[in-house]
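Just below is one structure, and these are the notes that go with it.
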Amino acid sequence: MPDTAADRSETGEASDVALFAEIPLTKQDILNCSYSNWYNKFNKHTLSRVEILKPIPKEFVDYLASDEFTLPKEAPHESSLFTKPRCNSDNEYSDWEDDELVETSNNSKRPDPTLKFNDFHNDVKRVFTEFKSVAPKLNWSAPQDSTWIMVNKTMQCHSPSDVYLLLKSSDYINHDLYHAFDGLDDQTPVEPSTFDYELVLREWVDVNPSMEFRCFVRDRQLIAISQRDLNYYDFLEEIQDQVLEKIAMFFDDVLLPKFDSNSFVFDVYIPKTIAKVFLIDINPFARKTDSLLFSWHELATLKVDDDDVKFRLVTKYNTGQFASKAHGQNHVPKDVLDASLDTAGMIELAQRWAKLLSSDGTTNLQDDDDDDDEDDTDEL
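Sequential numbering of the sequence shown, starting at 41, is according to the working numbering.
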């Protein structure tokens, strides 16, 4: 039966967050959710064409893990990151032109990083001859947290340079490389030699974010559905019964017979015509997966009948959602993000910033923090 986010506070379902429910997770559950492990079973139900480059060479993994942000030297202006400014009456000459020359000179002295994985780099370039643009990901995660660095603020990549910069800037990608098997019931270390890292390049397709849904399966039963984009869309309440029916049929007819894990999370996209369900991704049923409008304690302990699927939507416009935008912690300094969630904190930050601007240039925010600490100590 569909319910809403507001129902949680009314029923007290989220009041027991202090309790910790165990969620079983095995190595095989993680491997089952690796993109190439499920794609061949369900590729007829995905949204776009996909190229999977596997295995990723060790040299490329080392490049992603390194702190150096040198990008491929060839054809840099094919990337959306390097749009050459056009001269006009307002910018015929400025200091940044000299800075650009210095930066270009410095980059020219650095070795091209792709020399260490040239064959793999050529494979990536080949994909761009087939797909005009792509959305990248590794085995489990997409670099959604690093889209702030892109001009279009999306994962749409027009060149290998775009792909590499997104991947290198993402904590999610770092998770795939070094923490994918954290939290397993079996604490035996997972050797990298037992599986292959892969680069998934999905042909870019524009979708309506209001029609993306995350679905939770526990013990081979669909128990909950949440909208993925946490903004308010008034029309969703009118069509939620149709959406629920479509997703339930898709789960019963497509996923349940072929997917091997008993518990998992899958993402779908449904066009507004509600004519078809497209599979976007499959994730582990684990706390590392975003539970969106649910809590993981709820999902682990929820008691539902066979046909009783909890369906949650954002039911009212919430201006506070903009302050806590997804991955916002990656866009701005942490002090700014924390202050944006608290009025008093925002006022304090503004006062500190005004003090900094009125100083003689020797004051900085760290000094101001130290002064604040001293004041607090005196008060105590």
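Even for Gly, the Cβ is constructed at its ideal location relative to N, Cα and C. Everything numeric in this text was worked out from a predicted model, so none of it was measured.
Please report the distance separating the alpha-carbon of residue i from that of residue j.
i              : j             : result
serine 303     : leucine 155   : 42 Å
aspartate 293  : proline 153   : 46 Å
isoleucine 320 : tryptophan 78 : 11 Å
proline 95     : aspartate 163 : 12 Å
aspartate 216  : aspartate 246 : 25 Å
isoleucine 63  : leucine 332   : 17 Å
alanine 363    : arginine 89   : Below a pLDDT of 50, predicted positions are generally treated as unreliable, and alanine 363, at 42, falls in that range; no measurement from the model is reported.
Run through DSSP, which three-state label would residue i get?
i                 : result
threonine 86      : strand
lysine 113        : coil
serine 250        : helix
alanine 182       : coil
proline 311       : coil
phenylalanine 290 : helix
phenylalanine 256 : strand
arginine 166      : helix
serine 331        : coil
threonine 177     : Rather than threonine, the amino acid found at residue 177 in this sequence is lysine. In the structure shown, lysine 177 sits in a strand (DSSP, three-state: E or B).
phenylalanine 362 : At phenylalanine 362, the pLDDT of 45 sits below 50, so the modelled position is not reliable and the matter cannot be decided from this model.
phenylalanine 100 : helix
isoleucine 263    : strand
leucine 296       : helix
glutamate 278     : helix
Whose C-alpha, out of the options, is nearest the C-alpha of residue i?
i                 : options                           : result
tyrosine 204      : Glu243, Ala288 and Pro183         : Pro183
serine 301        : Leu342, Phe82, Ile63 and Ile70    : Ile70
phenylalanine 157 : Thr329, Leu104 and Pro176         : Leu104
histidine 198     : Tyr212, Asp216, Leu207 and Trp244 : Trp244
proline 12        : Thr313, Phe160 and His215         : As displayed, the chain neither begins before 41 nor continues past 420, which places residue 12 out of reach and without an answer.
aspartate 236     : Leu65, Lys98 and His85            : Lys98
leucine 262       : Lys316, Thr187 and Asp347         : Asp347
valine 191        : Tyr75, Leu206, Leu178 and His85   : Leu206
leucine 318       : Asp307, Lys328 and Arg327         : For clarity, residue 318 is phenylalanine in the given sequence; the question names leucine instead. Here the closest residue by C-alpha is Asp307.
phenylalanine 291 : Leu276, Phe275 and Val349         : Val349
lysine 328        : Ser106, Ala288 and His219         : His219
I need the boundaries of the beta strand (DSSP E) containing residue i, first residue and last residue.
i             : result
aspartate 321 : 318-324
lysine 350    : 350-352
Got a sec? Which residues, its chain only, sit under 6 Å from residue i by beta carbon, not counting five neighbours each side?
i                 : result
threonine 110     : Arg150 and Pro153
threonine 86      : Leu319
tryptophan 336    : Arg327
phenylalanine 325 : Ser303, Phe304 and Val305
valine 344        : Ile263
Let's see if you can read the secondary structure: which residues bound the alpha helix (DSSP H) around residue i?
i             : result
tyrosine 218  : 211-218
isoleucine 70 : 67-72
glutamate 108 : No alpha helix (DSSP H) contains glutamate 108, which DSSP labels as neither H nor E.
serine 201    : 200-208
Looking only at its chain, what residues have a beta carbon closer than 8 Å to the beta carbon of residue i, apart from the 5 residues adjacent to it on each side?
i                : result
serine 173       : Gln196, Cys197, His198, Glu243 and Trp244
leucine 423      : The requested residue 423 does not occur in the structure, where the chain is confined to residues 41 to 420.
aspartate 138    : Bear in mind that a pLDDT of 49 at aspartate 138, under 50, signals an unreliable position, so the number given afterwards is only what the model happens to contain. Nothing meets the Cβ criterion.
phenylalanine 60 : His337
lysine 165       : Pro200
So, for residue i: in the same chain, excluding its five sequence neighbours on each side, which residues have a beta-carbon less than 7 Å away from its beta-carbon?
i          : result
valine 230 : Lys67 and Phe221
lysine 286 : Ile310, Ile314 and Val317
Under the criterion of a Cβ to heavy atom distance below 7 Å, does residue i qualify as lining the ligand MN?
i             : result
aspartate 185 : In the structure on display, the ligand MN does not appear, and there are no ligands present to speak of.
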